[in-house]
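In terms of UniProt numbering, the sequence shown opens at residue 1 and continues consecutively.
The beta carbon of each residue, even a glycine, is placed where N, CA and C say it ideally should be.
This report concerns only the one structure given below.
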Amino acid sequence: MAIAYPLVDIKDDRSNILCMTILPTQNVQPRRPGRPPKVDRDNLETRETLLRRGLEVLTEQGFSATGIDYILKEVGVPKGSFYHYFPSKEAFGRAVLDEYCRYFAERLDRFLLDERLSPLERLVGFVQSAKAGMARHDYRRGCMVGNLGQEISVLPEVFRGVLEQTLLDWQARLAVCLEAAKDHRELARDANCNELAAFFWIGWEGAVLRARLVKSDTPLNTFIAGFLRGLPQ
């Protein structure tokens with residue numbers, strides 16, 4: 001029997017938070033006599049600021065259209081300081097992409113592993129949160145992976161593998177959720193969850209692109225409604 005999933009807004013206090021750098025734990029050395037050494041916190045904060053602004057800009061306009069000078073001007077960092085943290089624009093782009101992928105994976109887990117809801121309700125919750133985030137930024141920001149995928153022919157080749165592995169990771173996370181939907185009788189036992197998860201992300205990226213184009217959540221609503229209706233029962 002088909003199940004109706006009301007598209008009720010689910011608030012997500014992280015939907016507007018962009019990932020900060022997670023710094024590795026350092027070995028603690030015995031303190032020397034005298035005044036404690038000065039910790040150069042400015043360096044750590046500067047790198048985090050660059051990554052944060054990079055996340056914002058790349059989700060809006062992609063990699064090729066983003067100039068390093070623009071980001072530096074936005075955050076007030078000298079160009080010489082930028083190259084202290086990142087040897088090139090490509091290295092900066094990779095670091096930003098890595099942060100985005102880590103943030104998004106955590107975000108997916110927050111929704112798709114929430115056992116307070118049924119598996120398909122979790123998926124709807126993710127969609128509602130994404131809709132709210134896009135509307136909050138007037139549909140200027142989309143998916144960084146989708147943005148970069150559209151310009152893959154002009155990106156350094158290393159980006160291709162990272163983007164594909166990221167999409168496969170998202171696909172695997174959703175497939176686990178869909179497998180759980182079988183146990184909740186929301187999905188037919190013989191459903192191919194890997195194929196359904198792949199179909200979801202292919203369609204979702206297109207819906208996000210269309211939503212930005214028309215500045216409306218209609219494409220997102222159309223996609224998720226069609227996806228849920230098409231699930232084998």
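Query, Result
"Please state whether the Cβ-Cβ distance between residue 100 and residue 134 is less than 9 Å.", "no"
"Measure the C-alpha to C-alpha separation of residue 152 and residue 160 and round it to an integer number of angstroms.", "7 Å"
"Any idea what DSSP makes of residue 77, helix, strand or coil?", "coil"
"Could you check if residue 141 is buried or exposed, using at least 16 other CB atoms within 10 Å of its CB as the buried criterion?", "buried"
"Provide the residue span of the alpha helix (DSSP H) that contains residue 109, from first to last.", "89-112"
"For a quick check, are the C-beta atoms of residue 51 and residue 95 less than 9 Å apart?", "yes"
"According to DSSP, simplified to helix, strand and coil, what is residue 156?", "coil"
"Please report how far the alpha carbon of residue 177 lies from the alpha carbon of residue 120, in whole angstroms.", "8 Å"
"Going by DSSP, what residue range makes up the alpha helix (DSSP H) through residue 219?", "218-230"
"Sorted by chain position, which residues of the same chain lie with C-beta nearer than 8 Å to residue 222's C-beta, five sequence neighbours on each side aside?", "207"
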